[in-house]
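In this note's numbering, the protein residues as written are 3 to 753.
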């Protein structure tokens, strides 16, 4: 039987109304929630008017339901309906239905007018379209999912299913959900982008849940897009889910995966033209932007019609998300009292409203005795890091060391086995003793608060393997742990001494900064100068171990000069990278811009000249398409190294850029009413470096016409300030949820 506790009272109301409307084939009238005098649900059968009550008491049980219905009976006798129904989420026996029937005599005709959980479960089976509209009930038992998923992939999907189950109760169906559903249906691909904690993963998982309900087999891409290609079947309906496909905290996590960028684009095209596959992917907005600036082919996704962007929550959506979290939480009286009297509005209307923070703030560790609850939640929204500080400080040192290791490992998850070797080394540096029993204790302590451990089966390079995954509960916790490492000189030194991959150094340097690791700017490190020596030594060691030379060059670009390894190290890295470039036949093109700083450092040297020649030879302008930023980066590369650059004055560069400019001018002619003067100015500045005088003159003339047209347009008025206005239904929902009497059970009424 389906688990009705996953829905809130308001969601249960809507579900019951939809089911009765489908069952009775008549319009069911719905009214705003509130104190209704017993008239909650109303429809007509022939000449008769029928009234019903909906009571969501699945967690409270029959005795409390009966006590509440006795109070309702007094109201019904005043209304004197032609017929009366009671619908509840409690699983009722035949005797209990008769008892309720007798309670509402003479207004209820038969015990058949009393519907319990099993009746609703049967109706959902008869009306699957209603269940698809109420996605939180989909797969509310593991048996349902197992029945729908092929036996061969049940093990692989079990961990994914658990994450869906954890996310489902507090999930709120928002406008973004409907938009994403429509995009997936239309394009077969949906890419969800937005800031951290906005709900990208939850939305993606619910889209997958809906697809499973429509007969699709789920495939979670766990490591790289090769997993998806290995599992793709033309004769089978499949839905692929790739969370944080460009990296969890920064684009740097994505670099170094051979051909991953191009293969993602190829897989998207495969799915778009498929009749049996669906693809759902998520990414932080700034990481996708960085991919585009890096001339990564997947950066083109940003302009695709199947991208849905999550930004600041609209007020009704924020309120509904908060409501669902509060309804499923067991908050003490002081917290409920604080939320009442408009306290909840301070949270839902907060400029930094974030579902991830709200989810933490309804956990018992945060709630405590409930005093000053609203002020503490608002403070957490102002500065989310504070919500983990107290708990982290209370951990044993061994537990914190485990978090340090997990935070610096590559990817969205780590395996326990992968973490063990590094943790053992870190314990030795710290003077602690590593044991298996201590590791298991630490994993138990961190479970559900900082991390989550799952047994999962994944595909890698066509091979199936079972791993013990350790994931942070969310990426923001990982960012918090990284900041703690950076703030402690002793801890930071020890982590650097035991690091095994360049990814650890990058994460410590940048953390969750929304920056671009491409050499466009140098970044001041948040690391203390006291760890510089350990940092440089680690960079030299892990680069030699990992052999990720291009990534090392990108990272070198961003370091301040005082933090960079010496010239000898750079020369060795460049020599190895030249070999990579020369032997990589699969590379479509390189972006020459990230090499500018290295070429300037090695100017006049033999290795610098060979690198420059190799980069220029591998720069294929045929792949630049219509991306202005890519041409800008090429122009900057030529400007910085004109005397040594083989691309300067190149006929193939000039021809390709001229085609780009012609396209820009044609587009400008089509949109002459609203010319993009700023874009045209940028094109003209690039033309000064890349194109012959004749083309530069055409651009100057077009720019003059655009400026003349633009000057005639009225300047836009600044938008008036918007006053927060709360929907009346929401106000009544929160009033009912937070009213002190009766505090429990949750009274769910439909009118």
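For every residue, glycine included, the Cβ atom is placed at its ideal position computed from N, Cα and C.
Since the structure is predicted, the reported quantities are computational estimates derived from the model, not experimental observations.
I need the straight-line Cα distance from residue i to residue j, nearest angstrom please.
i	j	result
residue 333	residue 19	29 Å
residue 637	residue 594	10 Å
residue 117	residue 103	11 Å
residue 169	residue 121	26 Å
residue 309	residue 194	6 Å
residue 567	residue 539	8 Å
residue 469	residue 418	8 Å
residue 533	residue 552	24 Å
residue 626	residue 598	19 Å
residue 482	residue 529	14 Å
residue 219	residue 210	9 Å
residue 33	residue 51	15 Å
residue 697	residue 631	19 Å
residue 247	residue 321	30 Å
residue 10	residue 735	11 Å
residue 78	residue 56	14 Å
residue 415	residue 224	9 Å
residue 585	residue 592	14 Å
residue 273	residue 615	38 Å
residue 216	residue 269	22 Å
residue 286	residue 197	5 Å
residue 360	residue 621	47 Å
residue 341	residue 351	13 Å
Going by DSSP in three states, residue i sits in which element: helix, strand or coil?
i	result
residue 647	coil
residue 227	coil
residue 386	coil
residue 110	coil
residue 449	strand
residue 427	helix
residue 279	strand
residue 416	strand
residue 46	strand
residue 434	coil
residue 694	coil
residue 9	coil
residue 549	coil
residue 236	coil
residue 596	helix
residue 501	coil
residue 530	coil
Could you please give me the residues that DSSP links to residue i through a beta bridge?
i	result
residue 457	470
residue 558	Beta-bridge pairing links residue 558 to no other residue.
residue 85	52
residue 285	195
residue 57	90
residue 130	DSSP lists no partner for residue 130.
residue 117	89
residue 220	241
residue 31	44
Residue i: buried (16+ other C-beta within 10 angstroms of its C-beta) or exposed?
i	result
residue 661	exposed
residue 398	exposed
residue 457	exposed
residue 357	buried
residue 703	exposed
residue 619	exposed
residue 564	exposed
residue 669	exposed
residue 47	exposed
residue 473	buried
residue 184	exposed
residue 478	buried
residue 284	buried
residue 15	buried
residue 229	buried
residue 508	buried
residue 204	buried
Return yes when at least one heavy atom of the ligand GTP lies under 7 Å from the C-beta of residue i, else no.
i	result
residue 700	As for the ligand GTP, it is missing from this structure, which has no ligand bound.
Counting contacts by CB-CB distance shorter than 8 Å, is residue i in contact with chain D?
i	result
residue 166	You won't find chain D in this structure, because it holds only one protein chain.
Task: Completely contained alpha helix (DSSP H) runs for the region 149-216, where each covers 4 or more residues - done: 156-169, 177-189 and 202-215
- [ ] Please go through the region 290-374 and give each complete beta strand (DSSP E) segment of 3 or more residues, from N-terminal end onward.
- [x] 309-311
TODO: Counting only runs of 4+ residues fully inside the region 604-643, write out the alpha helix (DSSP H) ranges in chain order.
DONE: 608-620 and 630-642
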